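Heads up: the protein sequence lines correspond to chains C and P, in order. The first sequence begins at 1 in UniProt numbering and counts up one residue at a time. The second sequence begins at 1 in UniProt numbering and counts up one residue at a time.
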Amino acid sequence: MQAGSSGVGYGLKYQVHLIRLSADGTELICEGLFSHPNEIWDLRSCPFDQRIFTTVYSTGESYGAAVWQIPELYGQLNSPQLERVALLDAHVSKIKCVLWWPSGRNDKLVSIDEENLFLWSLDSSKKAAQVQSKESAGTMHYLSGGAWDPHDVNSIAATCESSVQFWDLRTMTKTSSIDVSHVRTIDYDTKKDHILVTAEDETGIHIWDLRKTKVPIRELPGHTHWTWAVACNPEYDGLILSGGTDSAVNLWLAPTGSRDEITSDSGQNSLSLKVDPLVNSYTDYEDSVYGLAWSSREPWIFASLSYDGRVVVESVKPYLSRK
Amino acid sequence: MAIEDAPLDDKAKRMRDLLSSFYAPDPSVAGGSLPKGASLDAINTDSFDADQYMNLLVQRANLEGLLQKHVEMAAEIKNLDTDLQMLVYENYNKFISATDAIKRMKSNIVGMEANMEQLLDKIMSVQSRSDGVNNSLFGKREHIEKLHRTRNLLRKVQFIYDLPARLGKCIKAEAYADAVRFYTGAMPIFKAYGESSFQDCKRASEEAVMTITKNLQGKLFSDSESIQTRAEAAVLLKQLDFPVDGLKVRLFEKLEQSLGGLQVKIGDVADALEESNDEQENDLQLGFAVAHDASVHEFVETVRAYRVIFPDSESQLIKLSEDLITKHFLITEQHMKKRVSTATFLRVLRIIWDDVLLIDHVLPEALLHDYCFKVSQSAIKQYVSSMFSHLLDDVSGAMMKVHPQQNNVAEEQLQVALEAGKNSLLKGSMDLLLGFRQLLEDNLDLLVKLRELITDWVQAGFQQFFEALDTRFLLLSGRIKSSPQDQSLSEGLQSEKISSGLVLVLAQLCVFVEQTAIPRITEARTEIAASFSSSGARGYEHGLVFHPTEISRVFQSASEKFLHQYINMRTHRISVLLRKRFTTPNWIKHKEPREVHMFVDLFLQELEAVGSEVKQILSQGVRKHRRSESNGSTTSSLSNSLRDDKLRRSNTQRARSQLLETHLAKLFKQKVEIFTKVEFTRESVVTTIIKLGLKSLQEFVRLQTLNRSGFQQIQLDIQFLRTPLKELAEDEAAIDFLLDEVIVGASDRCLDPTPLEPPILDKLIHAKTAETKEQNSSVASPTSQ
Chain C
1 MQAGSSGVGY GLKYQVHLIR LSADGTELIC EGLFSHPNEI WDLRSCPFDQ
51 RIFTTVYSTG ESYGAAVWQI PELYGQLNSP QLERVALLDA HVSKIKCVLW
101 WPSGRNDKLV SIDEENLFLW SLDSSKKAAQ VQSKESAGTM HYLSGGAWDP
151 HDVNSIAATC ESSVQFWDLR TMTKTSSIDV SHVRTIDYDT KKDHILVTAE
201 DETGIHIWDL RKTKVPIREL PGHTHWTWAV ACNPEYDGLI LSGGTDSAVN
251 LWLAPTGSRD EITSDSGQNS LSLKVDPLVN SYTDYEDSVY GLAWSSREPW
301 IFASLSYDGR VVVESVKPYL SRK
Chain P
1 MAIEDAPLDD KAKRMRDLLS SFYAPDPSVA GGSLPKGASL DAINTDSFDA
51 DQYMNLLVQR ANLEGLLQKH VEMAAEIKNL DTDLQMLVYE NYNKFISATD
101 AIKRMKSNIV GMEANMEQLL DKIMSVQSRS DGVNNSLFGK REHIEKLHRT
151 RNLLRKVQFI YDLPARLGKC IKAEAYADAV RFYTGAMPIF KAYGESSFQD
201 CKRASEEAVM TITKNLQGKL FSDSESIQTR AEAAVLLKQL DFPVDGLKVR
251 LFEKLEQSLG GLQVKIGDVA DALEESNDEQ ENDLQLGFAV AHDASVHEFV
301 ETVRAYRVIF PDSESQLIKL SEDLITKHFL ITEQHMKKRV STATFLRVLR
351 IIWDDVLLID HVLPEALLHD YCFKVSQSAI KQYVSSMFSH LLDDVSGAMM
401 KVHPQQNNVA EEQLQVALEA GKNSLLKGSM DLLLGFRQLL EDNLDLLVKL
451 RELITDWVQA GFQQFFEALD TRFLLLSGRI KSSPQDQSLS EGLQSEKISS
501 GLVLVLAQLC VFVEQTAIPR ITEARTEIAA SFSSSGARGY EHGLVFHPTE
551 ISRVFQSASE KFLHQYINMR THRISVLLRK RFTTPNWIKH KEPREVHMFV
601 DLFLQELEAV GSEVKQILSQ GVRKHRRSES NGSTTSSLSN SLRDDKLRRS
651 NTQRARSQLL ETHLAKLFKQ KVEIFTKVEF TRESVVTTII KLGLKSLQEF
701 VRLQTLNRSG FQQIQLDIQF LRTPLKELAE DEAAIDFLLD EVIVGASDRC
751 LDPTPLEPPI LDKLIHAKTA ETKEQNSSVA SPTSQ
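This is how it looks when you write it as structure tokens:
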């Protein structure tokens, strides 16, 4: 893992693959194969310890979430058991995702199920997690996912059927919301404050300025079918990756301008709309693409995961020069 | 010397040359410098080397030559000698004659001084005499001058005493001009001595002048008097220091009043023209025109009189007539807010122009021509743009008709709307062009001069019209938010959802604009006036030119956008349907399938609605079977065999292995291109919508975890869908593939993927088909009665 980027992938049923990208960036090596007790619906790796990750799993009828640690490997590639650090066991309804504190070492976790938000405090030495606070989103809204604001660690965006809601973790209250329906994925722009990107089933990709939530500042056409996943590049401004069920990954360049320009200058916006924001479309997939991630170490590399269980790592370097 | 010059013989010439060469500052210039060593024979140059010359001569020439040269040289030397001698003589001669001349001058000057002194004496004596005469006459002359002055004074006094009587005489004879002249002549004296010596006189004459003034005023204001007389009266009054300005203002007011009347009449004329487009009312129009003409003539006459009466009043008059023209155009512009035919517009322009010509005749300083050009430019420009905006409203009006009945999409309604849109667009623009042709071909001076500009405006108008049309379409389709000024238009649209049929109509209309309307308009445009294209180059610089290609491109992309929007709207509805279907039930506890689920009916209903909309608007495409013919053959044969298998195999084990087979088959199968480019045909659109719907279905299935019954339910639904969908769509292979994918997806997500037994499957499907048929017939029978 020292050599370049690495990630943990969803396994075929009940397995977790640890994948390493070789130093020269041309080869993917499977470092380990660990069995997981249940079917995994969501997986997030810990931002400060690369051996720790969380999963949301389903046993068919019920759902669970847990924090896991990859055991030390001693050369063997068979399926050792994962070490369970903690069980996030306070949920009663369908768990949707678990979010890590966005940056740096912190023991806070947020888990989202259909109706509730939980803030956990993780104690890895005691191998336990405790609920710090909990709030119900109301029965009318079925939450489906979320993202932690990297600029304001007290704020969380959660998606539900008809809107994106913003929660303040200190008071556990809803602060505001954006009316947009059927959001699959949301992602904050880590470079720019107030910028949020949403991917919706049918209406493509929307870029929002959180200070002006009435209308999106930019719309991208998205995919031929649903747009499933979206990820902002951590380094390059306006570089957005989206994966869709039309078996394609699209690379967009949609700079939103500097902060002042957003508020005052709409002419610049309309001008940039004329340029085709689609930089490239990677269509070398057999099935729908559900997972996307940028490399945190080399921000021009991304990995994508499609339904047929294939992980594809691509570099966007050739397109960066065009900027 | 001059006499000698004339016969310029050789000798004299030679001598002169020699002399000049002698006196010349630079011998090389005189002798004609030769390049050094160019020729050794060049005796006459400075660089002549005698020794070398001799050597060369001795070497080159024979004896005879040498002798001859010698003789030649001797002769030349002798010649030169004589020349030299002659020059010396000549010089000496000249010197002697110069000395002679100086001597003669000296002797002549000696006697002159005495003569001069004599002359001075004589002049002095003449002067003293003249002084004496002057002195003796001085006294008498002063006396004479005094007498003369007194006489003049006496004459003036006499004149002033006579003045009242004289003025009275003048009044009687109506010779006001003379009277005024006399009076003004006497004025300074009255001013100086009026209070003392000539008091009576002054009073009497002032009384006389009062009557004169009164008479003059009467004259000025009586219309019966001739203009000349009135003008004279005005001039005289002015000379009498009478406050003429007041009079002027009063007269001017009169003029303005008449102008006001005139404007009202113009309004009537325009109204009449407006209302009377029929042939039969032509007489009436004529009547109005005549009335208008009369009033204009009256106005012109008044202006003429006024000008004569007050010659320095041009600026006021100019302003007045400009006002008149401006008002004319204002009225015209007001009328333009309503729809005005080109003929009417032309007629109004003609009337205005006639007025201008008339006024121009009386008041050339006003430069009404130019003013009229300026004002009419804006009016015509506005007219052109108003024509275009009317057209735009027509077209969008035709589109808006789709709107109100969106809920019950009546048969043919979309088609009617489309046809109406097409018609109004094409016919409207042709009418426009015809109208503009009328404008261009009219020989009215005004229009002739503005022809180029009008052409430009029409060009720009078309460009802007199509741009506006594009924006309006976008607005209608709800793709862009309306700006505040269009609020009224879109208000109705925002409250309700935009009908998908409208979007489809817009898409097709865009295609029509791109493929038919623009070429036709371009063609007609070039036909109607070659000047359209000729002035293009000039307009191009100002960005005023009409770019058919650019507009075509805009509409092409717009049509694609609208088609996609239509598909999006439709698939969205299907998506909502499917979402409801898949998120509501608890799939893990699903009950055994008893019948085909009703969402299938809803799905097919949606597709039917799409079909009926599409049928009205889009053309039938060539039915393609390329999928099933080429790469699709593998898939279709596979699915066939798959179904055959289903019939043969009955036990669950086999069914399971068959699913595995499907997985494997998928691995080796060629990737089916699901999302192909949408074309403007019924089949293509319907197929795309079905494909997108099925893909969504697949994705929804993948998100669920199913038990066996759930899986079987899905299998049943999909199996039922197979036949009707393939009937609807053109790309059977892709549909097959997608349907299979749904089943595969369901089996992936199933805890126990055991397919339904084929006999049961068939039975359930039969039941459903029968039910549908029955329903159809029961629905069809009452309507047929």
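Virtual Cβ for every residue (Gly too), placed ideally from N, Cα, C. Please read these numbers as outputs of a predicted model, since none were measured by experiment.
Buried or exposed, going by whether 16 or more other CB atoms sit within 10 Å of the CB of residue 81(P)?
exposed
Could you tell me the alpha carbon to alpha carbon distance between residue 187(P) and residue 132(P), rounded to whole angstroms?
46 Å
Status (buried if at least 16 other CB within 10 Å, exposed otherwise) for residue 755(P):
buried
Hey, quick one: how far does the alpha helix (DSSP H) through residue 595(P) stretch, first residue to last?
Unbroken run through residue 595(P): none, as it is neither H nor E.
Can you tell me where the beta strand (DSSP E) holding residue 254(C) begins and where it ends?
Element bounds for residue 254(C): n/a, residue is neither H nor E.
Which value, in whole angstroms, describes the spacing of the CA atoms of residue 31(P) and residue 48(P)?
For residue 31(P), the pLDDT reaches just 42, beneath the cut-off of 50, and the residue's location in the model is therefore unreliable, although a value from the coordinates is still provided. So the two alpha carbons sit approximately 12 Å from each other.
Are the CB atoms of residue 250(C) and residue 243(C) nearer to each other than 9 Å?
yes
Per DSSP, residue 32(C) is paired with what?
18(C)
Does the CB of residue 572(P) have a neighbour CB from chain C at under 9 Å?
Yes, contact with chain C.
My guess is that residue 745(P) and residue 702(P) are in contact by the Cβ rule of under 8 Å, so how many angstroms apart are they, rounded?
5 Å
Indicate whether at least one CB of chain C lies closer than 9 Å to the CB of residue 702(P).
yes
Three-way DSSP call (helix, strand, coil) for residue 61(P) in this model:
coil
Contact the stretch 595–615 of chain P vs the stretch 198–217 of chain C: 3+ CB pairs below 8 Å
no
Runs of beta strand (DSSP E) wholly within the stretch 83–128 of chain C (minimum 3 residues, chain order)
83–88, 95–100, 108–113, 116–123
Between the Cα of residue 799(P) and the Cα atoms of 775(P), 714(P), 429(P), which residue gives the shortest distance?
Examination of residue 799(P) is not possible in this model, given that chain P is present from 1 through 785 alone.
Consider the Cβ of residue 582(P): report whether some Cβ of chain C lies at a distance smaller than 9 Å.
no
Simplified DSSP assignment, three categories, for residue 293(C)
strand
DSSP on residue 149(P), reduced to helix/strand/coil?
helix
Neighbour-count burial assignment, residue 469(P), 16 or more Cβ in a 10 Å radius:
buried
Residue interval of the alpha helix (DSSP H) (run including residue 556(P)):
548–583
7 Å Cβ cut-off: residues of chain P touching residue 179(C)
Neighbours of residue 179(C) on chain P: none; closest Cβ ~15 Å, over 7 Å.
Whole-angstrom distance between residue 711(P) and residue 484(P), CA atom to CA atom:
Unreliable positioning characterises residue 484(P) in this predicted model, as indicated by a pLDDT of 41, which lies under 50. A coordinate reading is not provided.
Here's a check: name, in chain order, each residue in its chain whose Cβ is nearer than 7 Å to the Cβ of residue 177(C), leaving out the five neighbours to either side.
163, 164, 165, 166
Between which two residues does the alpha helix (DSSP H) carrying residue 423(P) extend?
Looking at the DSSP string, the run of the alpha helix (DSSP H) that includes residue 423(P) is 413–441.
Could you tell me whether the stretch 56–75 of chain C touches the stretch 96–115 of chain C, where touching means 3 or more Cβ pairs closer than 8 Å?
yes
Simplified DSSP assignment, three categories, for residue 458(P):
helix
Measure the Cβ-Cβ separation of residue 289(C) and residue 231(C) and say whether it is below 9 Å.
Against a cut-off of 9 Å, the Cβ pair of residue 231(C) and residue 289(C) comes out as no contact.
Put residue 376(P) into one of helix, strand or coil per three-state DSSP.
helix
Strictly below 9 Å CB to CB, what residues from chain C border residue 747(P)?
By Cβ distance, chain C contributes nothing, its closest Cβ being about 13 Å from residue 747(P), past 9 Å.
Taking residue 725(P) as the reference, give the member of 608(P), 360(P), 439(P), 177(P) with the closest Cα.
608(P)
Using DSSP's beta-bridge definition, name the partner residues of residue 54(C).
44(C), 67(C)
Taking a Cβ distance cut-off of 7 Å, strictly less, list which residues of the stretch 716–738 of chain P are near chain C, in chain order.
Within the stretch 716–738 of chain P, no residue has a Cβ that lies closer than 7 Å to any Cβ of chain C.
9 Å is my cut-off, CB to CB: does residue 754(P) come that close to chain C?
no
Determine the burial state of residue 626(P): buried for a count of at least 16 other Cβ atoms within 10 Å of its Cβ, exposed for fewer.
For residue 626(P), the pLDDT reaches just 40, beneath the cut-off of 50, and the residue's location in the model is therefore unreliable, leaving the point undetermined.
Return the CA-CA distance between residue 146(P) and residue 152(P), expressed in angstroms with no decimal places.
Their Cα atoms are separated by approximately 10 Å.
Assumed close pair residue 132(C), residue 120(C) - CB separation to whole angstroms, cut-off 8 Å:
6 Å
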